[in-house]
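Protein chains: 2
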Amino acid sequence: MTIAATALPSERVLAQLGDTCSGRGLHDLAARLHDLHAWIADDLRDLEADLARLDGGASIVHRSARHLLDLGGKHLRPMCVALAAKLGGGFGDAARELAVAVELIHSATLLHDDVVDLGDTRRGAPAARTIYGNAASIFAGDWLLVQALQAVQRAGVPGMLDRTLATIDEMIRAEAVQLENRGRINGDRRDYFHVVEGKTAALFRWAMFGGGSAGGLDDRACSALERFGLHLGIAFQTVDDALDFDGDTAVTGKALFTDLREGKMTYPLIVAVAREPGLVPVLEQILAGPEGEPPPEPLRRRVVDALRSSGGLEQCRALARQHAAEAIACLSSLPAGRGRDALATVAEATVQRES
Amino acid sequence: MTIAATALPSERVLAQLGDTCSGRGLHDLAARLHDLHAWIADDLRDLEADLARLDGGASIVHRSARHLLDLGGKHLRPMCVALAAKLGGGFGDAARELAVAVELIHSATLLHDDVVDLGDTRRGAPAARTIYGNAASIFAGDWLLVQALQAVQRAGVPGMLDRTLATIDEMIRAEAVQLENRGRINGDRRDYFHVVEGKTAALFRWAMFGGGSAGGLDDRACSALERFGLHLGIAFQTVDDALDFDGDTAVTGKALFTDLREGKMTYPLIVAVAREPGLVPVLEQILAGPEGEPPPEPLRRRVVDALRSSGGLEQCRALARQHAAEAIACLSSLPAGRGRDALATVAEATVQRES
């Protein structure tokens, strides 16, 4: 598929994902992605116009926030809000506010994460903190969080502000667990899932519940959507985990081994160290290496070999497929139709993504 | 006055302030502080029990937040909420939630500020970031902010959540201006007041308005209280400015010249550089000095001499007195009584404080 130069970030993501699926012979999935795109193109355009309009002024704090937002991103979380809302009464004003809010909350966490992890690149470009400094990124994250909460307030969906605060609380708890474990070779799956559910899946759950709620769906439907969001979030994160080892950096915009170098245990590593304890000293050597530099080639090769021989990478992708399937199963109680099909398409396509 | 070993932070602050006033021959003010203390002692005890109860768990993120809260602080902002509420129907549950919220918002900003300013000490003790790291302090600030907003929600005072978000937005804007100007000898009074009103006075305004609102006062009374808060906040901050140069470090718990070394223009410096442009290269030398070290004695002496000869310190204290008087004038439309007297006492005592 040719991608127009004027394409919006989400249009590019959907088009690239369609190409990936076609390249893998998944022509039906590619066609369904194309349909999905046609169905929500106007909604995404509205959403991206809203995001482009957010303007705090010319200070380095507000420019830091703008810098990150202007890099685009996949906009998968707002897309979840839009699709959930369209299952009900449509992507109206309230849903649009929530779609903006979810992207701003996500962006706020990225700004703070980049300071915490000393991340230099984000979305294939210099991270805001490398241009405007750590201090500006800290306040920029605070600012985006406030803007997000104001958008939730404007949406006026009953109970949604409380749900937002509880979700952010859960995200911070997950960050706390991750921080405690940073730099430790920790094979504890409970810690791993605590972090994934809190850092990633909680916001997908919020997006699905919020979109459904703003679209006027009843509590039972919203709960089903929320469970869908949980599994979609885990599928999304486990694909990310795998891409840290076998992704194409030109496509992901992120150097390989970034998670590992930031001291984060990902699912493929958990599988690999359980099967091959000899990998532990190799990982420790990588963690002890100089910050900001890729690990030496022989160490990298040993990790990749261990991930292959232990089945760590394959099991990680199988876990992603399993959660995508569980996500789709959560949709069974919802009325059949274009909206439900679109969500199933998102779940299936998520495990195919290369970026 | 003897201070019991079991005294709460706010009890110590009020007792010390009373001693200061007595020492200066202000016996009437000291007696009024004593009365005020007796009047709100139970309320402060309740509030401090609420703050002590806040527990996020054992992670370094939550321990960072706990560390700062356990250092006490003056609790002047929650005291403002309590006094404003007592002008109306009393310090009930809603006002107590807002009193907790204002202290948590303030604490969240301190945690982020210490990371931004690389502050090593806070309240005479090691800053949380020096014990648990910058990353933990960033997330701890985020966590306290969420806890504060949840408390505001629980308070259930109509419009208060929106007002809280607008106030935090204003605080971040002031942080942004301060960050832009950091390390520059900027004599612009508009920038100075923008920062003081946003960083300090905005939260005092919020506390007074919120307390009045939770206490059931009408809009007119709440607006008067809000204006009182604005002037009290400016008086409070300008006293802080002066103490950075002439405070007793054993009492303030903060090294002298901290603001200057963090590249912040305070009011005494603005007056001094306008009168004595020869001070500018001296300040530039101090700013260019090694981080974390006090400026050499000869440079310090030149600054202190210039602050005295230019009248910078005296004008700063006069400004504080003026705003305390304006704060008291704002109370004229409120019903006379113990509540109004207590607020006037707070404003008068603020300019006497030594810590």
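Going down the list, the sequences are from chains A and B.
For what it's worth, the working numbering labels the leading residue of the first sequence as 1, then goes sequentially.
For what it's worth, the working numbering labels the leading residue of the second sequence as 1001, then goes sequentially.
We put the beta carbon where it would ideally sit given N, CA and C, even for glycine.
When you compare the CB of V1177 (chain B) with every CB in chain A, is at least one pair closer than 8 Å?
Within the second sequence, numbered from 1, the residue matching residue 1177 (chain B) stands at position 177. By this cut-off, V1177 (chain B) is an interface position.
Only counting the same chain, and skipping five residues up and downstream in sequence, which positions put a Cβ closer than 8 Å to that of F1209 (chain B)?
Numbered from its first residue, the second sequence carries residue 1209 (chain B) at position 209. Answer for F1209 (chain B): A1084, R1163, C1222, S1223, L1225, E1226, G1229, listed in chain order.
Quick check on DSSP: helix, strand or coil for A1031 (chain B)?
Numbered from its first residue, the second sequence carries residue 1031 (chain B) at position 31. Judged by DSSP in its simplified three-state form, A1031 (chain B) adopts helix.
Please list the partners that L1110 (chain B) has in chain A, where partner means a Cβ-to-Cβ separation under 7 Å.
Taking the second sequence and counting its residues from 1, the one referred to as residue 1110 (chain B) is at position 110. L1110 (chain B) does not reach chain A, its nearest Cβ partner there being about 13 Å away, counting only Cβ pairs nearer than 7 Å.
Could you check the C-alpha separation between T130 (chain A) and G57 (chain A) for me, to the nearest Å?
The residue given as residue 130 (chain A) occupies position 130 in the first sequence. The residue given as residue 57 (chain A) occupies position 57 in the first sequence. Between the alpha carbons of T130 (chain A) and G57 (chain A) lies a gap of roughly 20 Å.
CB contact check: L1051 (chain B) to chain A, cutoff 8 Å:
Taking the first residue of the second sequence as position 1, residue 1051 (chain B) is located at position 51. False, the Cβ-Cβ gap to chain A never drops below 8 Å.
Continuous alpha helix (DSSP H) stretch holding K86 (chain A): start and end:
Working through the first sequence from its first residue, we reach residue 86 (chain A) at position 86. Segment 76 to 87, the alpha helix (DSSP H) holding K86 (chain A).
Can L1161 (chain B) and Q1150 (chain B) be called in contact, C-beta distance under 8 Å?
Walking along the second sequence from the start, residue 1161 (chain B) turns up at place 161. Walking along the second sequence from the start, residue 1150 (chain B) turns up at place 150. No, they are not a contact pair.
Chain B residues whose Cβ lies nearer than 7 Å to that of Q150 (chain A)
Position 150 of the first sequence, counting from 1, holds the residue named residue 150 (chain A). Neighbours of Q150 (chain A) on chain B, chain order: L1165.
According to the Cβ coordinates, are I286 (chain A) and L260 (chain A) closer than 8 Å?
Within the first sequence, numbered from 1, the residue matching residue 286 (chain A) stands at position 286. Within the first sequence, numbered from 1, the residue matching residue 260 (chain A) stands at position 260. Cβ distance < 8 Å, so I286 (chain A) and L260 (chain A) count as in contact.
Three-state secondary structure (DSSP) at L200 (chain A)?
In the first sequence, the residue the question calls residue 200 (chain A) occupies position 200. Note that residue 200 (chain A) is Thr in the sequence shown, not Leu. T200 (chain A) falls in the helix class under three-state DSSP.
Could you round the C-beta distance between A1207 (chain B) and R1077 (chain B) to whole angstroms and report it? I think they count as a contact, below 8 Å.
Stepping through the second sequence from its first residue, residue 1207 (chain B) is reached at position 207. Stepping through the second sequence from its first residue, residue 1077 (chain B) is reached at position 77. Taking C-beta atoms under 8 Å as the contact rule, A1207 (chain B) and R1077 (chain B) qualify, at a distance of about 5 Å.
Tell me whether the region 175 to 189 of chain A and the region 1135 to 1147 of chain B touch, counting them as touching only if at least three CB pairs, one residue from each stretch, are closer than 8 Å.
The region 175 to 189 of chain A, when compared against the region 1135 to 1147 of chain B, does touch it at the 8 Å Cβ threshold.
Cβ closer than 9 Å: which chain B residues qualify as neighbours of I131 (chain A)?
Sequence index remark: in the first sequence, residue 131 (chain A) carries index 131 (1-based). Per Cβ cutoff of 9 Å: no residues; I131 (chain A) is ~14 Å from chain B at best.
So does the region 1347 to 1354 of chain B actually touch the region 1025 to 1040 of chain B, counting three or more Cβ pairs closer than 8 Å?
Taking a contact to require three or more Cβ pairs closer than 8 Å, the region 1347 to 1354 of chain B and the region 1025 to 1040 of chain B qualify as touching.
Bridge partner(s) assigned by DSSP for A347 (chain A):
Taking the first residue of the first sequence as 1, we reach residue 347 (chain A) at position 347. None, per the DSSP bridge assignment.
Can you find a CB in chain A that lies within less than 8 Å of the CB of W1206 (chain B)?
Residue numbering aside, residue 1206 (chain B) sits at position 206 when the second sequence is read from its first letter. With 8 Å as the cut-off, W1206 (chain B) does not count as an interface residue toward chain A.
Are the C-beta atoms of L1279 (chain B) and some chain E residue less than 8 Å apart?
The structure shown contains no chain E; its protein chains are A and B.
Specify the secondary structure class of P294 (chain A) as computed by DSSP and reduced to three states.
On the first sequence, position 294 is the one that residue 294 (chain A) refers to. P294 (chain A): coil per DSSP, three-state reduction.
Do A82 (chain A) and V157 (chain A) have their C-beta atoms closer together than 8 Å?
Walking along the first sequence from the start, residue 82 (chain A) turns up at place 82. Walking along the first sequence from the start, residue 157 (chain A) turns up at place 157. Judged by beta-carbon spacing, V157 (chain A) lies beyond the 8 Å limit of A82 (chain A), meaning their Cβ atoms are not closer than that value.
Beta-carbon separation of A1214 (chain B) and G1092 (chain B) under 8 Å?
As a first step, residue 1214 (chain B) is located in the second sequence; it is residue number 214 there, counting from the start. As a first step, residue 1092 (chain B) is located in the second sequence; it is residue number 92 there, counting from the start. A Cβ-Cβ contact shorter than 8 Å links A1214 (chain B) with G1092 (chain B).
Under 8 Å by beta carbon: chain B residues contacting W39 (chain A)
Taking the first sequence and counting its residues from 1, one reaches residue 39 (chain A) at position 39. Residues of chain B passing the Cβ test: none, with the nearest at roughly 34 Å.
With a Cβ-Cβ cutoff of 8 Å, do D241 (chain A) and P268 (chain A) count as a contact?
By 1-based counting over the first sequence, the position of residue 241 (chain A) is 241. By 1-based counting over the first sequence, the position of residue 268 (chain A) is 268. In this structure, P268 (chain A) lies closer than 8 Å to D241 (chain A) by Cβ.
Which value, in whole angstroms, describes the spacing of the CA atoms of G25 (chain A) and A325 (chain A)?
What you label residue 25 (chain A) is simply residue 25 of the first sequence in a count that begins at 1. What you label residue 325 (chain A) is simply residue 325 of the first sequence in a count that begins at 1. Going by the C-alpha atoms only, they are around 20 Å apart.
Quick one: is S1333 (chain B) buried, meaning 16 or more other Cβ sit within 10 Å of its Cβ, or exposed?
Numbered from its first residue, the second sequence carries residue 1333 (chain B) at position 333. Counting other Cβ atoms within 10 Å of its Cβ, S1333 (chain B) stays below 16 and is therefore classed as exposed.
Nearest candidate by alpha-carbon position, reference T238 (chain A), set A:R189, A:R302, A:L319
Reading the first sequence from its first residue, position 238 is the one you call residue 238 (chain A). For the set A:R189, A:R302, A:L319, the Cα lying nearest the Cα of T238 (chain A) is the one of A:L319.
Three-state secondary structure (DSSP) of T1266 (chain B):
Residue mapping note: residue 1266 (chain B) aligns to position 266 of the second sequence, counting from 1. Note: T1266 (chain B) maps to coil in three-state DSSP.
Do you know offhand how far I60 (chain A)'s Cα is from C80 (chain A)'s?
The residue you call residue 60 (chain A) lines up with position 60 of the first sequence. The residue you call residue 80 (chain A) lines up with position 80 of the first sequence. Taking the straight line joining both Cα atoms gives about 31 Å.
Does any residue of chain A have a CB that is nearer than 8 Å to the CB of H1062 (chain B)?
Numbered from its first residue, the second sequence carries residue 1062 (chain B) at position 62. Interface criterion met: the Cβ of H1062 (chain B) is under 8 Å from a Cβ in chain A.
Using the Cβ count rule (16 or more neighbours within 10 Å means buried), how would you classify A1099 (chain B)?
As a first step, residue 1099 (chain B) is located in the second sequence; it is residue number 99 there, counting from the start. Classification of A1099 (chain B): buried, given that the 10 Å Cβ count is 16 or more.
Residues that V1013 (chain B) contacts on chain A, provided the C-beta gap is smaller than 7 Å:
Counted from its first residue, the second sequence places residue 1013 (chain B) at position 13. By Cβ distance, chain A contributes nothing, its closest Cβ being about 28 Å from V1013 (chain B), past 7 Å.
I'd like the list of long-range same chain contacts for A1125 (chain B), defined as Cβ closer than 7 Å, with 5 residues on each side in sequence excluded.
If you number the second sequence from 1, residue 1125 (chain B) lands on position 125. So the list reads L1071, once near-sequence residues are dropped.
Between V1116 (chain B) and L1232 (chain B), how many whole angstroms is the CB-CB distance? I'm expecting something under 8 Å.
Stepping through the second sequence from its first residue, residue 1116 (chain B) is reached at position 116. Stepping through the second sequence from its first residue, residue 1232 (chain B) is reached at position 232. Not quite, the Cβ-Cβ distance comes to about 25 Å (not below 8 Å), so this is no contact.
Could you spell out where the alpha helix (DSSP H) holding P1281 (chain B) opens and where it closes?
Taking the second sequence and counting its residues from 1, the one referred to as residue 1281 (chain B) is at position 281. P1281 (chain B) -> alpha helix (DSSP H) spans 1279 to 1288.
Cβ of A1135 (chain B) within 8 Å of any chain A Cβ
Counting from 1 along the second sequence, the entry for residue 1135 (chain B) is found at position 135. For A1135 (chain B), a Cβ of chain A is located within less than 8 Å of the residue's own Cβ.
Chain-order list of residues whose beta-carbon lies under 7 Å from that of R1189 (chain B) (same chain, five-residue window excluded)
Counting from 1 along the second sequence, the entry for residue 1189 (chain B) is found at position 189. Excluding five sequence positions before and after R1189 (chain B), the CB atoms of its chain that fall closer than 7 Å to its own CB belong to I1270, given in chain order.
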